[in-house]
Amino acid sequence: MESGTLSSALEREHREIDEGIETFIEGLAEGGEDTAPLKRAMEGLRRHIYLEEEFLFPPLREAGMMAPVFVMLREHGEIWQTMDRLDAEMGKGVAAVPLRGLCAELLGRLEQHNSKEEPIIYPQADAVLTPEATDHLQRFIASGRIPEGWVCQRAQA
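Residue numbering for the sequence shown follows numbering that gives the first Met the number 0, starting at 0 and increasing by one per position.
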């Protein structure tokens with residue numbers, strides 16, 4: 000892991016997700032129809048949201064970070080709903096205008112979300128999580144999978 004901290008690993012995932020979406024948008028602009036970068040990015044984003052909601056947020060809530068975690072959960076729901084809309088559009092085929100607009104919306108939501116999460120939530124994760132919880136989360140980051148059918152807490156809100 001980059002510099003050995005959870006925050007650095009989680010921030011790296013943010014960058015990889017953003018890069019996948021941006022690669023897809025660039026491909027559309029060049030007339031391409033390859034949805035693989037977007038699908039990988041959304042799969043990674045769903046997995047990332049899962050690991051935060053299942054492994055990271057519970058101990059942070061217990062440590063008194065109720066309000067920041069609540070904001071992150073609400074934004075996860077908004078991000079998840081945007082991904083659901085992207086999935087629906089991709090199911091119709093590659094139509095550049097709707098997909099490009101939804102990708103731009105998703106990137107905007109991620110930028111807004113990550114700009115709070117990285118300086119507020121992640122440093123606390125490095126400080127608050129027990130060594131056992133840190134080890135568990137690091138193992139999930141390395142090779143964990145999202146359970147089939149899992150949906151983030153606020154996706155329906």
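Beta carbons: idealized from backbone N, C-alpha and C, even for Gly.
Start and end residues, alpha helix (DSSP H) containing residue i
i: TRP79; result: 65-90
i: ILE140; result: 130-142
i: ILE16; result: 5-28
i: GLY43; result: 35-50
Residue burial classification, residue i (beta-carbon count within 10 angstroms, cutoff 16)
i: LEU82; result: One point to set straight first is that residue 82 is Met, not Leu, in the sequence displayed. By the neighbour-count rule (16 or more Cβ atoms within 10 Å), MET82 is buried.
i: GLU61; result: exposed
Nearest-angstrom Cβ-Cβ length linking residue i and residue j, presumed shorter than 8 angstroms
i: LEU136; j: LEU27; result: Contact flag wrong, Cβ pair sits at about 35 angstroms.
i: CYS168; j: PHE23; result: There is no way to answer for residue 168, as the model of the chain reaches only from 0 to 156.
i: GLY76; j: ALA154; result: 5 angstroms
i: GLU116; j: MET71; result: 6 angstroms
i: ARG85; j: LEU106; result: This sequence places Leu at residue 85; Arg is not what is there. Their Cβ separation, rounded to whole angstroms, is 11 angstroms, which puts LEU85 and LEU106 out of contact at 8 angstroms.
i: GLU10; j: TYR121; result: 7 angstroms
Residues near residue i in its chain [Cβ-Cβ closer than 6 angstroms; skip 5 each side]
i: GLU74; result: HIS112
i: LEU50; result: PHE139
i: ARG39; result: GLY19
i: MET0; result: Here the model assigns MET0 a pLDDT of 40, short of 50, so the residue's position is not dependable and the matter cannot be decided.
Residues of its chain near residue i, where Cβ-Cβ distance is below 7 angstroms and the 5 sequence neighbours each way are ignored
i: GLU12; result: GLY43, HIS47
| message | Tell me whether the region 43-54 and the region 128-148 touch, counting them as touching only if at least three CB pairs, one residue from each stretch, are closer than 8 angstroms. | response | Look at the beta carbons and you see the region 43-54 touching the region 128-148: at least three pairs across the two are nearer than 8 angstroms.
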